[in-house]
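What follows is a single structure, written as structure tokens, with notes after it.
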Amino acid sequence: MPNSHLRTDILRARTDDGWLLELKRTFSPKHLRHDCDPLLIVPGYGMNGHIFGYHPRGTSMTRHLANEGFEVWTVNLRGQDRSTPLHSHAGEPSIERYALYDLPAALKTVLHATHTHRPQAMLLGCSLGGTISYSYLVHTPAAPVSAIVAMGTPLRWEKVHPAIRLAFSSPTLIGLLRVRGARQMARIAIPALKHLPQLLSIYVNATQVDVSKAAEIVETVEDPHPRINQELSRWIIARDLTIRGLNITRELSRITMPLLLITSNRDGVVPEITSLAARKHWGSRDVDVLRVGNADTWYAHADLYVADTAPREVFTPLAAWLRARNISPALRAA
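In terms of our numbering, the sequence shown is numbered consecutively and its last residue is 600.
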């Protein structure tokens with residue numbers, strides 16, 4: 267489908283504990299399908315939603331999905347980009363607050379403002395954004411969600427890259443580390459990938475990403491928060507994430523909505539066995555897996571969004587899966 271003129275809107279969602287979250291809606295007035303649930307994209311660790319609307323050489327994920335008829339929303343969680351606290355007592359970023367405050371507020375705004383007038387939305391969680399989505403669903407039995415996609419999402423840490431294990435080996439130490447200027451550091455590091463592709467190979471395959479566009483790519487980078495770092499460290503050590511006394515891995519057995527797992531064949535940040543753990547624990551058989559990459563054209567963690575072949579290898583099958591989830595059960599059976 268050729269690119270169409272897209273419309274974008276910026277809306278705000280207010281959380282119960284004092285944050286004003288930025289939401290971006292993208293859709294094609296020409297192609298919008300009112301029989302499809304709106305899609306909410308949830309970003310992950312150390313990032314905001316910018317990358318979903320940008321591609322170095324081709325069509326971005328949000329443009330691709332909008333051209334396929336979806337109303338696409340991206341939320342910036344607390345502390346990301348232009349999401350701002352309303353007062354000095356607003357809760358600081360944490361996985362729990364992302365899942366139990368930010369995501370409910372974002373979904374409420376989406377379903378109030380959507381042009382589709384649908385009563386439910388679909389979730390697309392990217393990396394940690396998928397874990398946040400799992401955690402929300404576990405704690406919200408009547409969630410207004412019809413389907414979920416998890417892209418490179420950790421659940422149970424069955425395998426951890428040695429560099430990740432070392433970096434997060436001590437909750438105390440990493441909680442004391444406050445990183446500032448991550449975006450500026452990335453602006454320097456990304457162009458170097460062209461000459462030292464192994465430098466960040468667990469995160470991106472420089473042979474299939476235009477790293478010369480660093481100035482635009484790094485707009486998605488956020489400074490990692492010390493509390494999130496501590497939570498990640500404890501989670502990796504324990505293997506399972508626990509929020510408000512609930513083991514998220516075990517509790518997934520109660521979730522029965524359709525699930526699509528998307529995993530990269532050489533993801534060093536979230537190895538395949540870690541991201542596919544959800545398939546074993548999901549509460550129904552309605553689980554599909556999209557493995558991306560091969561020996562010659564391999565995919566690392568971020569390649570799912572910015573690789574040259576991502577529009578064909580990731581976005582196209584993703585759109586097809588989302589479309590199929592909006593077919594009524596009767597038609598699907600027929």
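Here a beta-carbon is modelled for each residue, glycine too, at the ideal position from N, C-alpha and C. Since we're looking at a predicted model, the values are computed, not measured.
In this structure, W339 and K290 form a Cβ contact; the two beta carbons are roughly 7 angstroms apart against a cut-off of 8 angstroms. The region 286 to 341 is shown to contain whole beta strand (DSSP E) runs of 3 or more residues at 305 to 308, in chain order.
For a cut-off of 8 angstroms, the C-beta gap from R329 to E288 is around 19 angstroms, too long to register as a contact. Within the DSSP bridge table, the entry for N513 names T508 as partners. In this structure, T281 sits away from A409, with a CB-CB distance that is not shorter than 8 angstroms. S401 and Y367 have their C-alpha atoms roughly 11 angstroms apart.
Here D569 carries a helix assignment [DSSP, helix/strand/coil]. Residues I528 and P583 of the same chain have their beta carbon placed closer than 6 angstroms to that of L556, with the five preceding and five following residues left out of the count. Looking at the DSSP output, G549 shares a beta bridge with no other residue. Exclusion of the five residues before and after G315 leaves P309, T340 and N342 as the residues of its chain whose Cβ lies within less than 6 angstroms of its Cβ. Distances from the CA of A566 to each of E538, L306 and A433 were compared; the closest alpha carbon is that of E538. Secondary structure note for L527: its beta strand (DSSP E) is the uninterrupted segment L525 to S530. Its chain contains T486, V487 and E488 as the residues whose beta carbon lies nearer than 7 angstroms to that of M313, once the 5 sequence neighbours on both sides are disregarded; these appear in chain order.
At the C-beta level, H353 and G284 come within 8 angstroms of one another. Considering only M388, K425, P359 and R363, the residue with the shortest C-alpha distance to L588 is M388.
Closest option to P492, judged by alpha-carbon separation, among H547, G441, H381 and R551: G441. R422 is positioned such that its CB atom lies no closer than 8 angstroms to that of A332. The C-beta separation of V553 from E579 comes to about 20 angstroms, leaving the pair out of contact by the 8 angstroms criterion. I276 is bridged by DSSP to K290.
The beta-carbon separation of L394 and Y311, rounded to 4 angstroms, stays under the 8 angstroms limit for a contact. The closest CA to that of E337, considering only I361, A365, P407 and H381, is found on H381.
When C-alpha distances from Y364 are compared across P577, H355, A433 and R344, the shortest belongs to R344. The continuous beta strand (DSSP E) containing G391 extends over residues A387 to C392. The DSSP-derived three-state label of A371 is helix. In the same chain as D275, and ignoring 5 residues on each side of it, the C-beta atoms closer than 6 angstroms to its own belong to R291, in chain order.
For S541, there is no enclosing beta strand (DSSP E); the residue is found in the alpha helix (DSSP H) stretching over E538 to S541. If you look at I414, you'll find it in the beta strand (DSSP E) that goes V411 to M417. In this structure, the beta-carbon distance from Q386 to S412 falls below 8 angstroms. For D506 and T515, the gap between their C-alpha atoms comes out near 6 angstroms.
Setting aside the 5 residues that flank it on each side, L525 is surrounded in the same chain by I414, W548 and V553, each with a C-beta closer than 6 angstroms to its C-beta; the list follows chain order.
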